[in-house]
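Colleague: Those protein sequence lines, which keep their order, are chains A and B. The numbering used here numbers the first residue of the first sequence as 10 and each following residue consecutively. The numbering used here numbers the first residue of the second sequence as 9 and each following residue consecutively. This is the structure, below, for whatever I ask next.
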Amino acid sequence: MDARRNKAKGPQPREVKDKQMEGRDLESVIERAQGHDTQALGEIHRRYFRRVFGLCRHMLDSRESAEDATSEVFLKLQRSIESYDGSIPFPRWLLRVAGNQCIDVLRRRRRGRQVIVEVEYGAAVVEATSSEPSPLGSVIRMEERAQLQAAIACLPENFRLPLVLRYYSELSYDEIGQQLGLERNHVAALIFRAKLELRRKLAHRSK
Amino acid sequence: MECYSEQTCALLVDGELTVDEAQHLRDHLVTCQRCRELVDALRAENRVLSESLRELPEEAASPAAFSRLRWSWVWGDLAFVAAVLALGWIVSVWIDELKIPDALKWFNPFSLSGLTNLMFNLSYYLAQGGTAMLTEYAAVVGGFFLLLLLGGSALLLGRRGRLRQAGPRLLIVMLTLSLPSVAMERRHGEFVTVPASETVDDTLLATGNTVRVEGVVNGDLLVFGRTVEVRGTVKGDLVSFAKRTVVSGSVEGHIYNFSQSLDLDGQLGHSIYGWTQSLHVDNRGHVGDGIVVGAGDFILEGEVKRSVTIFTSNADVSGSIGRDLTMAGGSLTLTTTARLGGNLSARVRHLKDVHIADGATIEGKRDIQVRVRKSQFRRAGFYFRQAVWLASAMLVGWLSLVLFPGFVQASTQAVGSGWRSLGLGVGVLAGVPVAIVVAAITLVGIPLSFMLFAAYLAAIYLAKIWVGAFLGRILLRPTGATKHDWLLGLLLGLLILTIVGFIPYVGGLVRLGMVCLGLGAFAWQLYQASRPAITA
Numbered sequence: 010m011d012a013r014r015n016k017a018k019g020p021q022p023r024e025v026k027d028k029q030m031e032g033r034d035l036e037s038v039i040e041r042a043q044g045h046d047t048q049a050l051g052e053i054h055r056r057y058f059r060r061v062f063g064l065c066r067h068m069l070d071s072r073e074s075a076e077d078a079t080s081e082v083f084l085k086l087q088r089s090i091e092s093y094d095g096s097i098p099f100p101r102w103l104l105r106v107a108g109n110q111c112i113d114v115l116r117r118r119r120r121g122r123q124v125i126v127e128v129e130y131g132a133a134v135v136e137a138t139s140s141e142p143s144p145l146g147s148v149i150r151m152e153e154r155a156q157l158q159a160a161i162a163c164l165p166e167n168f169r170l171p172l173v174l175r176y177y178s179e180l181s182y183d184e185i186g187q188q189l190g191l192e193r194n195h196v197a198a199l200i201f202r203a204k205l206e207l208r209r210k211l212a213h214r215s216k
Numbered sequence: 009m010e011c012y013s014e015q016t017c018a019l020l021v022d023g024e025l026t027v028d029e030a031q032h033l034r035d036h037l038v039t040c041q042r043c044r045e046l047v048d049a050l051r052a053e054n055r056v057l058s059e060s061l062r063e064l065p066e067e068a069a070s071p072a073a074f075s076r077l078r079w080s081w082v083w084g085d086l087a088f089v090a091a092v093l094a095l096g097w098i099v100s101v102w103i104d105e106l107k108i109p110d111a112l113k114w115f116n117p118f119s120l121s122g123l124t125n126l127m128f129n130l131s132y133y134l135a136q137g138g139t140a141m142l143t144e145y146a147a148v149v150g151g152f153f154l155l156l157l158l159g160g161s162a163l164l165l166g167r168r169g170r171l172r173q174a175g176p177r178l179l180i181v182m183l184t185l186s187l188p189s190v191a192m193e194r195r196h197g198e199f200v201t202v203p204a205s206e207t208v209d210d211t212l213l214a215t216g217n218t219v220r221v222e223g224v225v226n227g228d229l230l231v232f233g234r235t236v237e238v239r240g241t242v243k244g245d246l247v248s249f250a251k252r253t254v255v256s257g258s259v260e261g262h263i264y265n266f267s268q269s270l271d272l273d274g275q276l277g278h279s280i281y282g283w284t285q286s287l288h289v290d291n292r293g294h295v296g297d298g299i300v301v302g303a304g305d306f307i308l309e310g311e312v313k314r315s316v317t318i319f320t321s322n323a324d325v326s327g328s329i330g331r332d333l334t335m336a337g338g339s340l341t342l343t344t345t346a347r348l349g350g351n352l353s354a355r356v357r358h359l360k361d362v363h364i365a366d367g368a369t370i371e372g373k374r375d376i377q378v379r380v381r382k383s384q385f386r387r388a389g390f391y392f393r394q395a396v397w398l399a400s401a402m403l404v405g406w407l408s409l410v411l412f413p414g415f416v417q418a419s420t421q422a423v424g425s426g427w428r429s430l431g432l433g434v435g436v437l438a439g440v441p442v443a444i445v446v447a448a449i450t451l452v453g454i455p456l457s458f459m460l461f462a463a464y465l466a467a468i469y470l471a472k473i474w475v476g477a478f479l480g481r482i483l484l485r486p487t488g489a490t491k492h493d494w495l496l497g498l499l500l501g502l503l504i505l506t507i508v509g510f511i512p513y514v515g516g517l518v519r520l521g522m523v524c525l526g527l528g529a530f531a532w533q534l535y536q537a538s539r540p541a542i543t544a
């Protein structure tokens, strides 16, 4: 019984084939979308909705604003997709657009001010002292993972945003710096400090 | 060779070192086990982070569920509101079933009289004792809101994700809790009159310079005017906002009076509730139930079937009261013709302010207390009350944090804006009462002003929570922003505010400042929350 279930879970030849098909026809879908084909736009929405929503959910404080931002990203996509030139993978490009949208939302809430304003120059170099908890292990139990998610959600914005842009959108420090209007060094420091903060929180909780 | 810093290793793992730097570090890794382990650990950490971020903390939305979700919210809201309504209704029926003694009826928060009483008591106390009294009343309302919060929290806990926009939601709930709209006839003009030959079958809302009822109103009568005269019959209640109200006919329900002066020459089926400069029950006047009034001057020449409870600076009783007379305030005079079926209890400042003529009849006990200000700090009850006060504030704080985490944190933060919050708070503190009065005068009317008033008191109550939490945060400087930190900060902040609040002279100012700051922060955050997040 178990063996059968395991077998059923494994990648089926047809699924693999479908994936390849998807990869190939993504280009044509994008091309059609650039020509204002609503069906193609719908297809992009179907494929990337979850990822875009996930990013917005991590960057914004509530599910509602995340959903609003997601809708906005796909709404604006009708126009913005024309500017996509294929130089970077489409999902990455789309996540960059979504990240910008979220930052716009946050900036608007602050009446146009910088999302991350706290520029501490000393922050550019952060040394982990020996008393700091060590990096989070790769073997992490389910409940710990839930704790980690909660801890990320609780991080202050200046830590959370760079962290999410780096490890969810997989942007480089330079790209993150561009989006947030920060120096590259500052981005590095914020990401590093975000991790320290998370380690500290989890160490504190598991005690 | 010396080892690299953890941050440099992290840069390597993130692929952010230049080619040269990365090569140097890699060379080092070959020889250094410690750094190799660190880099491996950092890689593993990145993987964990990526994976955790990929999994959404809550159930992921799907495109198909998207529009459906929005609709389900609407239904959810409706269901929620219906549930709260049902709950309120059950409780109110239950409270009615309990047959509360008349004297306590005003305390029933689910009845109109409960609300009106709260309002006039507050206003009276305000005039007498200033803002210190305000906090006491805010505490009463706090208790009421605590009930509401407790009742709603069971329903809400499962839905906390979508309750970030606290302000509008709260308004919806309060809107539905406000008085049910009834069929209503409206009349407006310089001189509004219901002639003797006319019968109005609905509730009548009349606004005008002079409003005169000579005929019959089968529903309630709500009037706003300079002079209101009821010469005919009102079968329901009379709610009057006027400079002068004269009832020489009959009102079969209650009178809720907010006029400057009320004269009752006629028959009243039930009670008078109100707040007025002068209340005069003429010797032809008859009150079927009791009187609960805050009044500058109170003159009773006629008859009251049951008890009279008055907060007044000057009471003159020469008529009869079926049961007890309870008064607090300035002076009390009972003339020779006065008759009291029950007890007399009076709280005055000086014994000489109470004049009871020899001929006056008092069937029950006399209890006259002179309010001597004893130091409150010597009484155990004082500390107990403060403890209860603190505990309830903590509970309210905790509940708010559970229900509206984002809003609460943001409000706490908004206190930090200092002058903006303070200025806004002063504006709100002074402006909202004006808005309440204006809302009560316009046609949209009374429910709105009651709602506003309740929200106002609730906001005053909540003010100390934001300020306390903010103060605590400044002092504790917690590294994280967990609930635990916030609550600990709140406890510390409230303790400090409470203690400082009892310093003579300064304490009052601190309290006032606290209320203004908190109100301002709250108002600002409500404004922020109500603004649409995306306006593109």
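The beta carbon of each residue, even a glycine, is placed where N, CA and C say it ideally should be. Predicted model, so just to flag it, every value in this text is computed and none were measured.
Using a Cβ-Cβ cut-off of less than 8 Å, list which residues of the region 52-67 of chain A approach chain B; keep chain order.
Modeller: Hits within the stretch, in order: H54, R55, F58, R59, F62, G63, R66 and H67.
Colleague: A/Y176 touches chain B at which residues, Cβ-Cβ below 7 Å?
Modeller: The count along the first sequence starts at 1 and reaches residue 176 of chain A at position 167. Neighbours of A/Y176 on chain B, chain order: N54, L57, S58 and L61.
Colleague: Is the region 419-427 of chain B touching the region 518-532 of chain B in the sense that three or more CB pairs, one from each, lie closer than 8 Å?
Modeller: Output reads yes: the region 419-427 of chain B touches the region 518-532 of chain B.
Colleague: Whose CA, out of A/P98, A/L170 and A/P100, lies closest to the CA of A/Q187?
Modeller: In the first sequence, counting from the first residue as 1, residue 187 of chain A sits at position 178. It is A/L170 whose Cα lies nearest to the Cα of A/Q187.
Colleague: Measure from the C-beta of B/L33 to each C-beta in chain A and report whether the shortest distance is under 8 Å.
Modeller: Against the second sequence, residue 33 of chain B aligns to sequence position 25. So no, B/L33 is outside the interface.
Colleague: Please list the partners that A/R105 has in chain B, where partner means a Cβ-to-Cβ separation under 9 Å.
Modeller: The sequence position of residue 105 of chain A within the first sequence is 96, counting from 1. Here the premise fails: no neighbours, minimum Cβ distance about 16 Å.
Colleague: Quick one: which chain A residues come within Cβ less than 7 Å of B/A18?
Modeller: By 1-based counting over the second sequence, the position of residue 18 of chain B is 10. Chain A residues near B/A18: F201.
Colleague: Flag this pair as touching only if the region 216-224 of chain B and the region 197-208 of chain B have three or more C-beta atom pairs under 8 Å; answer yes or no.
Modeller: Counting Cβ pairs under 8 Å, three or more are found: they touch.
Colleague: Quick check on this structure: which residue in B/L409, B/Q417 and B/L470 has the alpha carbon closest to the alpha carbon of B/L502?
Modeller: Taking the first residue of the second sequence as 1, we reach residue 502 of chain B at position 494. Considering only alpha carbons, the answer is B/L470.
Colleague: Express the C-alpha separation of B/V440 and A/E206 in angstroms, rounding to a whole number.
Modeller: Taking the first residue of the first sequence as 1, we reach residue 206 of chain A at position 197. Taking the first residue of the second sequence as 1, we reach residue 440 of chain B at position 432. Whole-angstrom Cα-Cα distance: 43 Å.
Colleague: Which residues mark the beginning and the end of the alpha helix (DSSP H) in which B/Q41 is found?
Modeller: Stepping through the second sequence from its first residue, residue 41 of chain B is reached at position 33. Element bounds for B/Q41: Q41 to R62.
Colleague: Does the Cβ of B/T317 have 16 or more other Cβ atoms within 10 Å, making it buried, or fewer, making it exposed?
Modeller: Along the second sequence, one-based indexing puts residue 317 of chain B at 309. It is buried - the Cβ of B/T317 has at least 16 other Cβ atoms within 10 Å.
Colleague: Which chain A residues sit within Cβ distance under 8 Å of B/G414?
Modeller: Reading the second sequence from its first residue, position 406 is the one you call residue 414 of chain B. Correct list: D70 and S71.
Colleague: What is the DSSP secondary structure of A/N194, counted as helix, strand or coil?
Modeller: Counting from one through the first sequence, the residue named residue 194 of chain A turns up at place 185. Of the three classes helix, strand and coil, the one that applies to A/N194 here is helix, per DSSP.
Colleague: Can you pull the chain B neighbours of A/I161, defined as C-beta to C-beta under 9 Å?
Modeller: What you label residue 161 of chain A is simply residue 152 of the first sequence in a count that begins at 1. In chain order: L57, S60, L61 and P65.
Colleague: For a test of the three-state rule: what should DSSP assign to A/I97, helix, strand or coil?
Modeller: For the purposes of this step, residue 97 of chain A is identified with residue 88 of the first sequence, where counting begins at 1. Note: A/I97 maps to coil in three-state DSSP.
Colleague: Return no unless some Cβ of chain A is closer than 8 Å to the Cβ of B/E24.
Modeller: For the purposes of this step, residue 24 of chain B is identified with residue 16 of the second sequence, where counting begins at 1. It does; some Cβ of chain A falls within 8 Å.
Colleague: Kindly say whether A/R116, judged by its beta-carbon, lies nearer than 8 Å to any beta-carbon of chain B.
Modeller: Mapped onto the first sequence, residue 116 of chain A falls at position 107. Taking Cβ atoms only, chain B never reaches closer than 8 Å to A/R116, which makes this a no.
Colleague: How would you list, in chain order, the residues of chain B whose beta-carbon sits under 8 Å from the beta-carbon of A/P144?
Modeller: Taking the first sequence and counting its residues from 1, one reaches residue 144 of chain A at position 135. Within 8 Å Cβ-Cβ: L46, A49, L50, A52 and E53.
Colleague: With A/L218 and A/L211 assumed to form a contact (beta carbons below 8 Å), what rounded beta-carbon distance in angstroms separates them?
Modeller: Because residue 218 of chain A is not part of the residues shown, which for chain A are 10 to 216, the question remains open.
Colleague: Under 8 Å, Cβ to Cβ, is there at least one residue of chain A near B/Q15?
Modeller: Numbered from 1 along the second sequence, position 7 holds the residue referred to as residue 15 of chain B. Chain A, which has a Cβ nearer than 8 Å to the Cβ of B/Q15, makes this yes.
Colleague: Could you tell me which of B/H294, B/G261 and B/C40 sits nearest to B/D271, measuring between CA atoms?
Modeller: Reading the second sequence from its first residue, position 263 is the one you call residue 271 of chain B. Of B/H294, B/G261 and B/C40, the residue nearest in Cα terms is B/H294.
Colleague: Under the assumption that A/Y57 contacts B/E24 (Cβ atoms under 8 Å), give the Cβ distance between them as a whole number of angstroms.
Modeller: The residue you call residue 57 of chain A lines up with position 48 of the first sequence. The residue you call residue 24 of chain B lines up with position 16 of the second sequence. That belief does not hold up - the Cβ atoms of A/Y57 and B/E24 are roughly 26 Å apart, past 8 Å.
Colleague: Is it true that the CB of A/E179 sits closer than 8 Å to the CB of A/R59?
Modeller: Here residue 59 of chain A corresponds to residue number 50 of the first sequence, with the count starting at 1. Here residue 179 of chain A corresponds to residue number 170 of the first sequence, with the count starting at 1. Result no, Cβ atoms of A/R59 and A/E179 do not sit closer than 8 Å.
Colleague: Would you call B/L123 buried or exposed, if buried means 16 or more other Cβ atoms sit within 10 Å of its Cβ?
Modeller: Indexing the second sequence from 1 puts residue 123 of chain B at position 115. Bear in mind that the predicted position of B/L123 carries a pLDDT of just 49, short of 50, making it too unreliable to give a figure here.
Colleague: Roughly how many angstroms lie between the CA atoms of B/G261 and B/L246, to the nearest whole one?
Modeller: As a first step, residue 261 of chain B must be located in the second sequence, where it is residue number 253. As a first step, residue 246 of chain B must be located in the second sequence, where it is residue number 238. Their Cα atoms are separated by approximately 7 Å.
Colleague: Compute the Euclidean distance between the alpha carbons of B/A49 and A/D70, then round it to the nearest angstrom.
Modeller: Locating residue 49 of chain B in the second sequence gives position 41, counting from the first residue. Locating residue 70 of chain A in the first sequence gives position 61, counting from the first residue. Distance between the alpha carbons of B/A49 and A/D70 is about 30 Å.
Colleague: Is there a Cβ from chain A that is less than 8 Å from the Cβ of B/A529?
Modeller: The residue you call residue 529 of chain B lines up with position 521 of the second sequence. False, the Cβ-Cβ gap to chain A never drops below 8 Å.
Colleague: Let's test the definition: count the other Cβ atoms within 10 Å of the Cβ of B/L289 and tell me whether it reaches 16, buried, or not, exposed.
Modeller: Translated into the one-based positions of the second sequence, residue 289 of chain B becomes position 281. Sequence inspection shows Val at residue 289 of chain B; the Leu mentioned does not correspond to that position. By the 10 Å Cβ count, B/V289 comes out buried.
Colleague: Please classify B/Y281: does DSSP put it in a helix, a strand, or coil?
Modeller: By 1-based counting over the second sequence, the position of residue 281 of chain B is 273. In the structure shown, B/Y281 sits in a strand (DSSP, three-state: E or B).
Colleague: Please report the distance separating the alpha-carbon of B/F232 from that of A/L84.
Modeller: The residue you call residue 232 of chain B lines up with position 224 of the second sequence. The residue you call residue 84 of chain A lines up with position 75 of the first sequence. Taking the straight line from one Cα to the other gives about 51 Å.
Colleague: For a quick check, are the C-beta atoms of B/D375 and B/S353 less than 8 Å apart?
Modeller: Translated into positions along the second sequence, residue 375 of chain B becomes position 367. Translated into positions along the second sequence, residue 353 of chain B becomes position 345. Cβ atoms of B/D375 and B/S353: closer than 8 Å.
Colleague: May I have the straight-line CA-CA distance separating B/R42 from A/L145, to the nearest angstrom?
Modeller: Here residue 42 of chain B refers to the residue found at position 34 when the second sequence is read from its first residue. Here residue 145 of chain A refers to the residue found at position 136 when the first sequence is read from its first residue. Spanning the two alpha carbons is a distance of roughly 16 Å.
Colleague: Could you work out which residue in B/T506, B/R34, B/L37 and B/R62 is closest to B/V397 when comparing CA atoms only?
Modeller: Looking up residue 397 of chain B in the second sequence gives position 389. Correcting the residue type first, residue 397 of chain B is Trp in the shown sequence and not Val. Among B/T506, B/R34, B/L37 and B/R62, the Cα nearest to that of B/W397 belongs to B/T506.
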